[in-house]
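Undergrad: Counting along the sequence shown from 1, when you hit position 473 you're at 503 in this note's numbering, and nothing is skipped either side.
Using N, Cα and C, we set each Cβ at its ideal position, and we do this for glycine too.
Bear in mind that the values here come from a model prediction, so they are computed numbers and not experimental data.
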Amino acid sequence: MKRILIFALLALCVACNKDEVITADPLPVITLDDEDGVYALKQGKSLTITPSVTDAESYAWLMDGEVVATTLSYTFAATEVGTFYLTFRAENSTGKSEEQMRIEVLALQPPIIGFALDEQGVMTLAAGREYTLAPEILHAEGASFDWQIDGKSLCTEAAYTCSFSAVGEYEMTLTATNDDGTDSEKITLQVVDRIAGQAYIPTERNVPLGRTLYLTPTLHHFVEPAYSWSVDGVAQSTDKIFAFTPSAEGDYRVTLTLTDADGYTLSTDITVTCCAAEGTHKRAATAESKPTWSKIYDYMPAPGQFINEDKSGFDGVTTAAAALAYAEKRLAEGKYLSLGGWGGYVVAGFDHSVENGDGYDFSVAGNMFTDSSEAGIVWVMQDTNGNAEPDDEWYELRGSEWGSDNHSQHYAVTYYRPVAGGMSVQWRDNCHAEGRITRNTTHTHDYYYPAWFEARYTLYGSRLAHNTTIDSSGKYENNAYAWGYADNRGEDADNADGDGGAAKCYFDISNAVNVDGTQAKLQYIDFVKVQSAINHVAGPLGELSTEVFGFEDETM
31 MKRILIFALL ALCVACNKDE VITADPLPVI TLDDEDGVYA LKQGKSLTIT PSVTDAESYA
91 WLMDGEVVAT TLSYTFAATE VGTFYLTFRA ENSTGKSEEQ MRIEVLALQP PIIGFALDEQ
151 GVMTLAAGRE YTLAPEILHA EGASFDWQID GKSLCTEAAY TCSFSAVGEY EMTLTATNDD
211 GTDSEKITLQ VVDRIAGQAY IPTERNVPLG RTLYLTPTLH HFVEPAYSWS VDGVAQSTDK
271 IFAFTPSAEG DYRVTLTLTD ADGYTLSTDI TVTCCAAEGT HKRAATAESK PTWSKIYDYM
331 PAPGQFINED KSGFDGVTTA AAALAYAEKR LAEGKYLSLG GWGGYVVAGF DHSVENGDGY
391 DFSVAGNMFT DSSEAGIVWV MQDTNGNAEP DDEWYELRGS EWGSDNHSQH YAVTYYRPVA
451 GGMSVQWRDN CHAEGRITRN TTHTHDYYYP AWFEARYTLY GSRLAHNTTI DSSGKYENNA
511 YAWGYADNRG EDADNADGDG GAAKCYFDIS NAVNVDGTQA KLQYIDFVKV QSAINHVAGP
571 LGELSTEVFG FEDETM
């Protein structure tokens, strides 16, 4: 009787009798303060979660099957980056209820500042000229900025427009701060009366006996220079382009002296070697010769979205030798090779000399299709000195834009290595313009800047204006030029559409020109260079980067 009474009392504790129907107490009801149960916080922070619970008698928090707390609230400390799963359990005498939560711990993203500096690690400015200093700043969204010189605050924007009237050296500091931290970079500004001029011209040149060599430099920081050319100390010309025709085989010392309007003077020497007459080192095709390229001699890409990317075949490419091997293997396998943004190039050679015949003489395969052309300028070279190396004279192949406002010669761009992964690549050209090879959401690897290059490098060549348009729907279209360029769906290209596979563009050696635009009249060529010709970023499509699949002699 005693046992029955105790059992009856217990039953009354866990159930009630209403209209002679026995019902259990309800299970606990858990309501999270986040409907999806997903929380995100930064490393080093903490998160306190306090669910709303009814009908509970006890609580437990579990992680990885272990109880970490028995209170209603739980504070999670984000000590490391990762994904963590947390279970909250509420119990009563009827049973238990559980809710699972996911906590994403994100890495801190403090600002990172990167300036584009010269070889000495300084920024040189001309007194009296206005500049806008706009470094690349990672995680700049929501950040505050402070530009200072000698402790005096000058600007609170991400970019600072300034001008210095007094010559001297200034220590400038930019501090950027967001919720995750602070970065501060101090740079030296060297303010001078005049920035030293730069004149780039290859200093070792080869020309066959009987041919004229046309010499002219690529300039930076000159306004209206006067030119003076001499050969072995004897004055020859004051033209911008020096047409030099050696009278005999041998070495000649050509000196260029530039004198700008303000009296600034710069001189440079060029060694010109006059080799045996054209055709001496020509290599006639034989039965064993193959029409396709036989060797890749140089690969010098500009920064771009495909550079360093695993999907593009880069795997541990950190030296120039490895990059060259990568390029040759890539093309040998019939896969595209990206040249990156403006100026990036690849040099290929054949196992024989390609004849200048009637019509098209050789082809370059690219991956162009309708509304997607990324034109590359094509250059050709003879093996003038017979050493089987592409160290002689490059001749540009004239295309449809030669002589128009869409084409310019003697262009140069310097690219600067980002200081951290995830940053865009800054560049400056020799026309006082600057910009960025910006990142996009399709290619998310850390660096678009070639891993095997140092802090900065400069590329030289000719440039085409961009031919990109945006239609009414906002779609970017990289339109083709009429003819004469690689990876360009012009009238001289195979009809390729849609799949981005290899398609040829065809070239005539007769279109080779001297630097003054006159016809070079080459009888044959041994080497071909393709160079990305457009300095432009087409919105979400990224930079215009010429792609190459291969080279072929079309006369065989």
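Kindly indicate the opening and closing residues of the alpha helix (DSSP H) around Ala-99.
TA: Here Ala-99 belongs to no alpha helix (DSSP H); instead the beta strand (DSSP E) covers 96 to 99.
Undergrad: On the CB-based measure, 16 or more other CB atoms within 10 Å of its CB, does Val-44 come out buried or exposed?
TA: Below a pLDDT of 50, predicted positions are generally treated as unreliable, and Val-44, at 46, falls in that range; the measurement from the model is reported next regardless. It is exposed - the Cβ of Val-44 has fewer than 16 other Cβ atoms within 10 Å.
Undergrad: On the DSSP bridge assignment, give the partners of Arg-283 in chain order.
TA: Looking at the DSSP assignment, Arg-283 forms a beta bridge with Thr-301.
Undergrad: Indicate the three-state DSSP secondary structure (helix, strand or coil) for Pro-420 in the structure shown.
TA: Pro-420: coil per DSSP, three-state reduction.
Undergrad: What would DSSP say about Ser-402, mapped onto helix, strand or coil?
TA: Looking at Ser-402 - three-state DSSP - the assignment turns out to be strand.
Undergrad: Using DSSP's beta-bridge definition, name the partner residues of Phe-636.
TA: No statement about residue 636 is possible, as the shown extent of the chain runs from 31 to 586 and does not include it.
Undergrad: In or out: Pro-81 buried (at least 16 other Cβ within 10 Å) or exposed?
TA: Buried, because 16 or more other Cβ atoms sit within 10 Å of the Cβ of Pro-81.
Undergrad: Gln-220 to Ser-324, Cα distance in whole Å?
TA: Roughly 49 angstroms separates the two Cα atoms.
Undergrad: In three-state terms, what does DSSP make of Tyr-477?
TA: In this structure, Tyr-477 counts as coil in the three-state DSSP scheme.
Undergrad: Go ahead and pull the three-state DSSP assignment for Leu-361.
TA: Leu-361: helix per DSSP, three-state reduction.
Undergrad: Using the C-alpha atoms, what's the distance from Leu-147 back to Met-153?
TA: The alpha-carbon atoms of Met-153 and Leu-147 are separated by roughly 5 angstroms.
Undergrad: Rank Val-59, Ser-183, Ala-510 by C-alpha distance to the C-alpha of Glu-201 and give the top, closest one.
TA: Closest option to Glu-201, Cα to Cα, is Ser-183.
Undergrad: What residue from Gly-452, Asp-94, Asp-292, Asp-209 has the CA that sits closest to Phe-114's CA?
TA: Closest option to Phe-114, Cα to Cα, is Asp-94.
Undergrad: Under the rule that 16 or more other beta-carbon atoms within 10 Å means buried, what is Ser-297, buried or exposed?
TA: Burial call: exposed.
Undergrad: If the criterion is Cβ atoms closer than 8 angstroms, does the pair Asp-223 and Val-253 meet it?
TA: Not closer than 8 angstroms, so no.
Undergrad: Should Ser-277 go down as buried or exposed, given a rule of 16 or more other Cβ atoms within 10 Å for buried?
TA: With fewer than 16 Cβ atoms within 10 Å of its Cβ, Ser-277 is classed as exposed.
Undergrad: Where does the unbroken beta strand (DSSP E) through Gly-451 begin, and where does it stop?
TA: Run containing Gly-451: none; DSSP gives neither H nor E here.
Undergrad: Ordered along the chain, which non-local residues of its own chain (more than five positions away) have a Cβ less than 7 angstroms from that of His-437?
TA: Excluding sequence neighbours, His-437 sits near Glu-431, Ser-492, Leu-494.
Undergrad: Pop quiz: Glu-521 and Trp-513 are said to be a contact at Cβ under 8 angstroms. What is the actual Cβ separation, rounded to whole angstroms?
TA: 5 angstroms between Cβ atoms; contact.
Undergrad: Just tell me which of Glu-199, Ile-167, Glu-160 has its CA closest to the CA of Thr-191.
TA: Checked all of Glu-199, Ile-167, Glu-160; the closest Cα to Thr-191 is Glu-160.
Undergrad: Contact between the stretch 566 to 585 and the stretch 358 to 378: three or more CB pairs below 8 angstroms?
TA: A contact exists between the stretch 566 to 585 and the stretch 358 to 378.
Undergrad: Using a threshold of 8 angstroms, state whether the C-beta atoms of Arg-466 and Val-455 are closer than that.
TA: Yes, the pair counts as a contact, with Cβ atoms nearer than the cut-off.
Undergrad: Going by DSSP, what residue range makes up the beta strand (DSSP E) through Ala-395?
TA: First-last of the beta strand (DSSP E) with Ala-395: 392 to 396.
Undergrad: How far does the beta strand (DSSP E) with Ile-467 in it reach, from first residue to last?
TA: Note, Ile-467: beta strand (DSSP E), 464 to 467.
Undergrad: Can you name, in chain order, every residue of its own chain whose Cβ lies under 6 angstroms from the Cβ of Thr-295, other than the five neighbours on each side?
TA: Excluding positions up to five away in sequence, the list reads Thr-289.
Undergrad: Output the distance between the C-alpha atoms of Ile-500 and Asp-292, rounded to the nearest integer angstrom.
TA: Rounded to the nearest angstrom, the two C-alpha atoms are 44 angstroms apart.
Undergrad: Along the chain, where does the beta strand (DSSP E) that runs through Asn-122 open and close?
TA: That residue, Asn-122, is in no beta strand (DSSP E); it is neither H nor E in DSSP.
Undergrad: Around the C-beta of Val-68, are 16 or more other C-beta atoms found within 10 angstroms, so that it is buried, or is it exposed?
TA: When all chains shown are included, Val-68 counts as exposed.
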